[in-house]
Each structure stands twice: as C-alpha cells, then as structure tokens.
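Everything on this sheet refers to the single structure shown next.
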Amino acid sequence: MDGDCVLNIKSHESGGAKVSSAPIPKKNISSNVPIIPKEPLSNGRGISEGKIGRAIRVKKSELVKQLAEENSPPKKNVNVNVRTRGLKFPDESIAKNPLQVGLSAKQHSEQQDLLNVMSEGVTPNIESVFSKTSWGNFGSRSNIHPRLISIIQKNFHFERPTSIQVSAIKHLLDGCDALIKAQTGSGKTVAYALPLIHNLMETEPPISRNDGPKALIILPTRELATQTGLVMTHLCRACVRIVPGCLIGGAKRKGEKASLRKGLNIIVSTPRRLLDHIRKTAVLSLKGLRWLVIDEADRLVELGFERDVRRIIERVTREVSRESPVQTVLLSATLTPGVETLAGLVLKNPVKCEVADDAGSISNETTKEGRSVAPFSMPSRLKHFLLVVPCKQRLVALAAFLLLKAKYSKRSGKLIVFLATQDCVDFHHRLFSETLCKDSDNADGAEFQASDLHLYRLHGNMDHKERQTVFQKFSSCPNGILLTTDVASRGLDLAGVAWVVQYHVSGSPVDYVHRVGRTARAGGRGKALLLLQPEEESYTRMLSTTVGLQLQRLNLTDVLQTALYHLRHTKGRRGVRTVEEAAASMGKYFLQMVDENAELLALAEQAYLSFLRAYASFSGPMREHFVFKRLHLGHVACAFCLRDAPSDIASRVTGKRPLAKSNSHPGIANSAVAGSPIAKRSRRLEFLEENGEVGSRSTQKKEKTTKKKPRPAELATRNMLAEYGL
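Spelled out as structure tokens, the structure:
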C-alpha cells in the first residue's frame, strides 16, 4: 500500500504468532540522537521493512556523538521515538488508556507516538501570549475605571491582559485611530471594547440611552455579532446608563426598530442589516457617533461587504460634524490588499498595533506607505498535522478519527470539522447521526452506534433561531463535534476546542489560518488536522512557503486502528481482524444506510454535486494543487456513499432525465413527489440554466447578449462543469 503499515491482528488463542516482549535496551542520550536497538525489531509486531530500515539507519557523525555521550556524566533518561523526534510530549503510559488508538499496549507498543500526539491535553500557555502585568496594575496605571477592571477579573476570569490588549488599549485611550493586527484568539474584542466603554463612562455630561448611538461596531457574521454583543452587555454592567444592542439578519425588524426608538448607545451589527436600518428607520441618527469599529475587516472584504461598509462610512461622514471626529478602529488577523485599501479610507494617521513574532514583543508604529507587513499571524502553541487519504477511504478515515477523539479519548475536548458546502454539512451530519450516534432512531445500526458523540451542524442557510441554538449548545457542552462551513471560521470564541479538522480545503492559505484559529485561543494549545488526497499533497508546499507551516504527517493505518477496535468490540462484527477488513466493513455499512434511506440518498447526491462545483471553482495558485480533471469522479461518489455513475447522479439532481428512467433507486420518485431535496433545484444551477451555461458544449446555443464577458477563469470553470453535466 505504498509504504502504509498494515497490521494483521491475531489473538494467541487463534493460532497467531506470539510476539516477543523483550524490552529494547536504551542509552542515556540527549533528545536529538536516535536510539539504535541492539536487536532487530520483529516484523510480527506490525512494522514494515521500510520502517525498520529507517529506525536503525544512523549517520556516522551521530554515531560518534552517541559513543562520546557514553563517557559523559549520566543524564536524565529521555524516551525518544524516531517518528516523534523533536517533539515534547507528556510521559503518559499507553497502559492507562490503550483504547485511544484502538489497540492493546502488549500487541503494538510502537503506537505510543500516536497516543502521545492524540491524547495531549489542551492547557493554557500564559507566557507566550499574555503580558507580565496583572489587570489591577495595568488598570491603575492606565486610569481605567475600577468597575471595568472588576468585571474583567470577576466575570471574565482574566488575570492578566494579553500583549495586544496592553498595546491597543494604551493608544485607544489616547484617542488615536488604530489598525490592530494580531493572531486569532488573542483578545482583540476586549482590546477595543474596554477603552470604548471607559471613554463613554467618562463623557460629560453623562450619556443616557436617549442620546442615541455613540459607538458603531461592524462584524461579518451573525454569530460573531451576537458574541460581541454579549461581551458588550457584560462590560456595560459597570455603567447601566450605557445600553448596547444587536442588529443582525434573521431577527425581526420590528423588535430592532423598537429598541432603536428606546435608544441604543452601542450598536453591534452586520453590514447589510445596519445599512437597511440606515435607509428605512428614520429614528436612527448617527450625528452623535464617537466610535467606529470594523472587526474582521479581511472577512468583510472577502464576503463582498466592502461596498456596504463604504456606504456606511459615507453616511457617517455626512452626518457627523467635523468638529468632533469619529475615532476609528480596524481589526484583522491578516492584512490583505483589500484591508489596506479600507484602512486608507477610514483611518487618519493610525497607529498599528501588532505582536511581533520574536519573543512576543509589541510593535506600535504609524503606518506608512510601502512598509512591508507580514500577512499571517498564528498561535505559537498550535500544532499542525497532515493525513493523506485516498478518496475512497476519506469517509471511513473521518469516522474513525471522530470515534477516536469523541469515544476513546479521556480528554477529548471539542472538534470542529470544516466542509466545503452547506449540502456537504447536511449530508455528513445526517449520515453520522444515523450511524454513529447512540440517540438516533436507527435500530438496524444499533451495533455500530457509539456513545458520547454529540453532533451539531452550522451553516449560513439555517434558520436564525436554529443557528443561535446550535451556537449556544456547542459553546456550553464539554465535548462535541461541530460540522460547519466557513461561516464559523472567523472570530468565534468557542471554548475548549481541541481539534480543528479540515475535511475539505477551501479558499486559500488565508482561510487555513482562520479555520485553525478556532483552537489554541488565548494562549492555549490546540491541534489542527488537514486531510488531502495523494494528488493534492503539493498544497503543503504552498502552506510552507506562504504561511511557514511544517505539517507532521500521520499514518492512515494508525488512524484506522480505531475502526478496527470499534468493530471488534461491536456485536455481530467481531470477525473483523485486519485494518483493511475494518475499513471495508464500515464503508459497506455506510453505503447500505444511504441506499436504504431515500432522504439520505438525496442529501448524498446534492452534496456530491455541490462538492464538485466547489472543487471546480478553485482559481489562481490554488488551481495548480486542486485540479478538477485529476479527480476520479467515481471515487468521489464513493466518498459520498453513492453507487451510480456520476452522469446518472448529475442527471437525476439537475432534472435533465426523468426520474422514472432511473431504476437504481425506486424510492427516489416517491421522495421527489414528497418534496425531498432531489426535487429542489439548486439556485445556482437554475441561474446557470437560465443563461444557457449548463449542458453539453455541442448543444449550447450561441445567443447575442449584452452581458459583460466572463473572465477566463470563470469561463474555464463553467466549461468544466458543463463538460461533466454539472
């Protein structure tokens, strides 16, 4: 299997060869010198010949150094493993919890390294992110209102401010415009919220809700706006005269208008809902505005809100008097050209606050044209891992990893799994809920179901109340799995997230940075896993050159050991003996579940086509690594538990062929009549069909149109989709 390690597990009672348990002698050596076993390792323990060769091959210089160490004073013994050399993991014996890798310690002691990687706890690392001073000392030196400091310490349980907070608060209290750039999870919200509320508290005459808006905070998503509004509500307990409020899409305009009539001093809003109220709500006046905060500016630009933000800024400029200028703050974890353009539009002589990479030092400099700016900022305690999986085994590998972390780990924490599209989120959530969750109604698959799997889904097409409920439940639960799109990739502070799994790659390295930023927040530790197909592995070089990442590669066989253990302790599945049999058995079970459930089959087909559309939309440098024509469409269909040919799947979903002609799944026609997702046509697909952009190249009619010619990249994507009937 091209270097993969295949472990055939046999018990001694069934005639398997007994494995020698003789310990391998160790030397007292430093951690950077590999161990040379005196006796060769047995292949019966599941190590391939190639791995044995790498384990005993040592350079001459290293051998001389090791011999010299023998005559040196004795040092503390360090257990060094070849595959994890250079990493420091806690000394946690595998005998305590062998289920974390699905094997017993006696059978496979070489799995110790994977156990160390998977079971490492998420603990805070205060020194690298937080400053040395306490909130009390910092507040007294900066003359911050004591009530605010008390709330920070008692309600938020913060003992020390972060480095970026110390830097930003100082300049914002002086009345400067600021461009704040810091790693995600470093406390940027408190960095501007604290001086903002302090400034409003110190204003004379005292501010009341009848004075109208004094501060405006613009954010890209509803969840982030809700989270920021909650922070403002807690801080405003220091002064009940100041009233904050949220204006977000999905909420009733009538209730928001009533709040505006009563008076809101701090408005937290998404761009389009705020612009809608500016146009249609006469009571909303921005004449008394004193603060303008634009948070997650890079995401606002990326989502196409730049024009809306410009209109809001123009309205503020027209209404606010020049004698009392607005203090503006712009925050971003990455500085893109669009963000720099926006900064030049709203900021006047700004101070740039950022944490340098070296020793956590602070950089406070006035921005100048031509100054080079580092585009990425990432948590230093975040570890990155890579898992290369063939397309046909991706679904089983994901299920095995979720079982490993949610069922067989003592300190699992929360997991966030990022997928490409909303349809992919719906399908995987429904599939895993039906097959792996114990509280599902599926009686046929009861033997497969696992306890302690709490699944949640989140994407932009969900109802507002449902999104709020999911966000609150996942935030409060001790462990859980959130399947989501990029809607959760920016700004959300979800405590206790131990792993971020990128099942599908999206966008660019900037999106990678923001996705993995959901873990390792506020100086804590976290781990990120990236799943790639073999033909996509060149993407790691792009991450290395643009972000400076070095990903540690995990073995697919090691991850699939969890599936083997899970099946061997499952009623009716105990005959499974090898990793290959376990993967095949679990994949067959998923396939059977999709075939027997018409609604699940419809979700699978919709997810399959939406994934192909998303994959074909890669442009620029990303297209070099994610080439649509390299995909084996049949293998991709297997990853979505589909048996039919890709052309038949596309025909059913797009409606080009009558459903009665497809005899593969008789239940589909009934489900379509009942209003299943198959009968619902994609809005994007309808748009393409209305413009004659879907179908065979030979059948497309050349019609004269006055529309703007598409770009070459867009045209290539459309032609590619049309070629495959998508």
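Letter by letter, the sequence shown follows residues -13 to 712 of my numbering. Glycine is no exception: its CB is placed at the ideal position from the N, C-alpha and C atoms.
Under the three-pair Cβ rule at 8 Å, the region 194 to 207 counts as touching the region 261 to 273. Taking all protein chains shown into account, Leu546 has 16 or more neighbouring C-beta atoms within 10 Å of its C-beta and is therefore buried.
Taken atom to atom, the span from the alpha-carbon of Leu384 to that of Thr320 is near 30 Å. Annotation for Ala154: the continuous alpha helix (DSSP H) segment containing it runs 149 to 159. With 16 or more other Cβ atoms inside 10 Å of its own Cβ, Ser603 counts as buried.
With contacts defined as CB atoms closer than 8 Å, Thr471 and Leu405 qualify as a contacting pair.
In this chain, the alpha helix (DSSP H) harbouring Pro323 covers 323 to 332. For Pro181, the uninterrupted alpha helix (DSSP H) run begins and ends at 174 to 187, by DSSP. As summarised for the region 194 to 268, the continuous alpha helix (DSSP H) elements at least 4 residues long and confined to that stretch are 208 to 221, 239 to 248, 257 to 266, given in chain order. Contact annotation: Asp412 and Ala593 have beta-carbon atoms nearer than 8 Å. The continuous alpha helix (DSSP H) containing Arg296 extends over residues 292 to 305.
Counting other Cβ atoms within 10 Å of its Cβ, Ser571 reaches 16 or more and is therefore classed as buried. In this structure, Ala484 lies near Lys513, with their beta-carbon atoms less than 8 Å apart. Within the same chain, Lys334 come within 8 Å of Pro311 by CB-CB distance, once the 5 residues on both sides are set aside.
A distance below 7 Å between beta-carbons, with the five flanking residues on each side excluded, links Thr175 to the following residues of its chain, in chain order: Thr214, Val217.
Glu145 and Phe457 have their C-alpha atoms spaced approximately 26 Å apart. In summary, Thr119 is exposed, with fewer than 16 beta-carbon neighbours lying within 10 Å of its beta-carbon over all protein chains present. A Cβ-Cβ separation of about 18 Å leaves Arg511 out of contact with Leu372 under the 8 Å criterion.
Put simply, of Gly477, Val486, Val533 the residue whose alpha carbon is nearest the alpha carbon of Arg285 is Gly477. In the three-state reduction of the DSSP assignment, Lys167 falls in the strand class. The beta carbon of Lys243 is closer than 6 Å to those of Thr267 in its chain, skipping five residues each way along the sequence. Residues His500, Arg501 of the same chain have their beta carbon placed closer than 6 Å to that of Ser475, with the five preceding and five following residues left out of the count.
Rounded to the nearest angstrom, the gap between the Cα atoms of Pro323 and Lys156 is 27 Å. The Cβ neighbour count for Lys167, taken over all protein chains shown within 10 Å, is at least 16; the residue is labelled buried.
Separation of Leu586 and Val306 (C-alpha to C-alpha, rounded to the nearest whole angstrom) is 55 Å.
For Gly510, the three-state secondary structure derived from DSSP is strand. In the three-state reduction of the DSSP assignment, Ala602 falls in the helix class, which pools H, G and I.
DSSP links Ile467 through a beta bridge to Leu401, Leu441. In this structure, the straight-line span from the alpha carbon of Tyr601 to that of Val115 is close to 37 Å.
Beta bridge pairing from DSSP links Phe116 with Thr148.
Exclusion of the five residues before and after Asp197 leaves Gly249, Asn251, Gly274 as the residues of its chain whose Cβ lies within less than 8 Å of its Cβ. Cα atoms of Ala392 and Arg195: separation of roughly 47 Å, rounded to the nearest angstrom. With distances taken between CA atoms, Pro632 lies nearest to Glu591 out of Glu591, Pro607, Gly606, Phe614. Inter-residue distance for Arg304 and Ser136 is about 38 Å (C-alpha atoms, whole angstroms). Looking only at Gln169, Glu420, Ala224, Arg507, the smallest Cα-Cα distance to Asn583 is reached by Glu420. Secondary structure at Phe626: coil, using DSSP grouped into helix, strand and coil.
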